[in-house]
Amino acid sequence: MTKRSWGEHLFDGFNVLFMVLLSIVTIYPFVYVLFASLSDPTWVVQMRGLIWFPKGLNFEAYKLVFANPAILTGYGNTLIYVVLGTALNLLMTSLGAYALSRQTVMWKNPVMFMIVFTMFFTGGLIPTYLLIENLGLLDSRMALILPTAMSAYNLIIMRTAFAGVPVSLEESAKLDGANDFTILFRVVLPLSMPVVAVMILFYGVGHWNSWFNAMIYLRDRELYPLQLILREILITNSTDSMMTGVGGGDKMPIGETIKYATIIVATIPILCLYPFLQKYFVKGVMIGAIKG
Amino acid sequence: MSVVKQERSGAPAAGVDKNAFRYRALRDLKLNKYVYLMLVPVVAYYILFYYVPMYGLQIAFKDYSPGLGLMDSPWVGLKHFEDFFHSYYFGRLLRNTLLLSLYDLLFSFPASILLALLLNELRSAAFKKTVQTITYMPHFISIVVISGMLVDFLARDGLINNVLAWFGMEPVAFLRESGWFRTVYISSNIWQSVGWGSIIYLSAMSSIDPSLYEAAKVDGASRWKQTFHITLPGISSTIIILLILQIGHFMSVGTEKILLLYNSTTYETADVIGTFVYRKGILESNFSYSSAVGLFNSVINFVLLVLANAISRRTSDTKLW
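Chains A and B, in that order, are what the protein sequence lines are. Residue 134 in my numbering sits at position 55 of the first sequence; the count goes up by one each step and never skips. Residue 12 in my numbering sits at position 11 of the second sequence; the count goes up by one each step and never skips.
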């Protein structure tokens, strides 16, 4: 090791301290929500300060959350949107990325321009809404799946990854009589699994978290994704429907823990997947970074 | 390719050139027929969901009535634009949109660069990775959950006020006071995105040639100097590209988040063009007027992007196109 001055030691010390503080500030709100959701509701409401442990372990809030039909239908709907939506995203993005990564295709650049242009200029909210209405998609599941069938940003990431697949492999497949579809699905995609994982993560999380399109396109509550139900519970404060059967005096406190339990229930799938997928999405951003 | 070039240079007559073009196009179509087949759904998607709405923007120059439909509704020229420019809301919306975006650019944007620089200085790789894993996480949490937590924590009897009470501060209903909205919006933005934003700079830093640092060390440059003379210049083109991209979204400040966080008591500082378009268009079905407002927004946005790119092109050679 090269010798370090005391100033450098001081800086390193402060840097580490700052990082520790930043990590705490980032993670503590979730810890608070988790511990509060597991605690005795009256204690949580009277609590004036930070929570460092769940007090009087209490699963009542979770029972009420899982007994709420709106949350269950929301969960089911979100799963449908995530699975169907991501599958379509993956198919469309692969097709586009493969076609636009071929060097010899004459119309490649005009098509790419047409796609990239939409990243910077769009018709906007109202014309898009009217289009969805005219297509008869209002109040249907397809309204949450078709309009977001692919993203230009992700297309660029995937195209960059596909362009990195050795041409010799594709040429030898072509000599064996394979057409472009076979090359895409049998050669290029299997060799690009990391970027496929990134795409599944980006698109999947996007569908899981999306709520705005659902809010403007859906009226039927039976089709609502989880995030819209969450919005009602967290933002417009309607936990009342879940508290039927709870004694009058307990209503207020349990409402608070219900909110926390709902947050946990809605976030846990992502938090569980996150550590395993982290290496992939960092890779994805880096692929995107090369292209700018 | 070279064959094609020869053909073109040897054919001055327009007719022959046209034939060459047709020949090339046909050959390309034949050779790449499966590739073009793949592009059919992709191009169809972009035309239907992006270019048809752009064509539909003519609604901003018409008086749309659902009975007549888009094509048969009467033209009214710039009426809706003039209405908007003369309305009470115009100044407030423009100010709020510009200020929120500007503050985001002034505070959130450099925060990620700063975090990346500090992470880069950490000596323990394991510790660095842990901090990264933790700080990226909020990026994946839905904006509904984040906003829900903000509403709860910032309430008069919420977590933040409880902590502030230790320091003897009076409780504040943060989300009910327009004076606090920008602070809440920007600081929660930083909290959610600072980690994720740093990834791209870290990846740019990892591609800086290590021999530059070796040489600097031999010359006795301090870490401070290395940061200023090697690391920062090494990531400057990444910074500029991201800056241009951010300016390209200058007018579309987080509409979704504001919709979740604002209420009529904070419209004074929170209502932006995006949320106004939502209220006028979707909630009040005032389609033509809100499209005009939206179009005004997109055009400014686009002009800003082109300007930013042109300036960067002239001054630093870094450009989007």
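The C-beta atom is built at its ideal place from N, Cα and C for all residues, glycine as well. As the structure is a prediction and not an experimental result, all values here were calculated from the model.
Partner residues in a beta bridge of TRP122(A), as assigned by DSSP, do not exist. SER180(A): member of the alpha helix (DSSP H) spanning 148-180, first to last residue. Here the alpha carbons of LEU179(A) and MET191(A) stand approximately 7 Å from one another. Taking 7 Å as the cut-off, the beta carbon of LEU176(B) is found no closer than this to the beta carbon of ILE314(A). With a 10 Å radius around the Cβ and a threshold of 16 neighbouring Cβ atoms, ASN213(A) comes out exposed.
A distance of 7 Å or more separates the beta carbons of ILE242(B) and THR105(A). For the region 110-125 of chain A, the set of positions with a beta-carbon nearer than 8 Å to some beta-carbon of chain B reads TYR111, VAL112 in chain order. Rounded to the nearest whole angstrom, the CA to CA distance from ARG183(B) to MET138(B) is 23 Å.
Contact between ILE147(B) and SER189(B) holds, since their C-beta atoms are separated by about 7 Å, short of 8 Å.
One alpha carbon belongs to GLU335(A), the other to GLY149(B), and they sit about 12 Å apart.
In the DSSP assignment, MET150(B) falls within the alpha helix (DSSP H) that extends over 144-154. For TRP290(A), the closest Cβ of chain B is nearer than 7 Å. Listed along the chain, the chain B residues whose CB falls inside 8 Å of the CB of LYS338(A) are GLY149, ASP153. Per DSSP, the beta bridge partners of TRP76(B) are LYS63(B). Inclusion of VAL132(B) and SER102(A) in the CB contact set at 7 Å is warranted, their separation being smaller than that value.
The Cβ-Cβ distance between LEU305(B) and PHE251(B) falls below 7 Å.
Straight-line spacing of the CA atoms in TYR186(B) and ILE259(B) works out to 8 Å.
For GLY159(B), the three-state secondary structure derived from DSSP is coil.
Think of a sphere of 7 Å around the beta carbon of PHE141(B): the chain A residues whose beta carbon falls inside it are VAL284, ILE349, TYR353, in chain order. GLY128(A) and ALA115(A) have their C-alpha atoms some 12 Å from each other. Apart from sequence neighbours up to five positions away, the residues of its chain that approach VAL254(B) with a beta-carbon distance below 8 Å are THR98, LEU101, SER102, ASP105, VAL273, GLY275, ordered along the chain.
Among the residues of the region 271-297 of chain B, those with a Cβ less than 7 Å away from any Cβ of chain A are VAL278, TYR279, GLY282, ILE283, PHE288, SER291, SER292, GLY295, LEU296, in the order of the chain. Relative to LYS281(B), the option among ILE205(A), ASP91(A), LYS142(A), SER118(A) whose CA is nearest is ILE205(A). At least one C-beta of chain A is nearer than 7 Å to the C-beta of ASN33(B).
The Cβ neighbour count for VAL144(A), taken over all protein chains shown within 10 Å, is at least 16; the residue is labelled buried. One finds PHE199, PHE200 in chain A with Cβ atoms closer than 9 Å to the Cβ of PHE303(B), taken in chain order. Restricting attention to PHE22(B), TYR51(B), ILE201(B), the CA atom closest to the CA of ILE240(B) is found in ILE201(B). DSSP places VAL36(B) in the uninterrupted alpha helix (DSSP H) bounded by 34-47. Under the three-state reduction of DSSP, LEU69(B) is assigned to coil, being neither helix nor strand.
Not one beta carbon of chain A lies nearer than 7 Å to the beta carbon of SER253(B).
At a cut-off of 7 Å between beta-carbon atoms, PRO54(B) makes contact with chain A. Judged by DSSP in its simplified three-state form, GLU178(B) adopts coil rather than helix or strand.
Within the model, the alpha-carbon separation for LEU96(A) versus TYR214(B) is close to 25 Å.
Taking PHE82(B) as the centre and dropping the five residues before and after it, the same chain places the C-beta of ALA293, PHE297 closer than 7 Å to its C-beta, in chain order.
Of all residues in the region 149-179 of chain A, only MET171, LEU174, GLY175, TYR177, ALA178 place a beta-carbon less than 7 Å from a beta-carbon of chain B.
For TYR89(B), there is no enclosing alpha helix (DSSP H), as DSSP marks it with neither H nor E.
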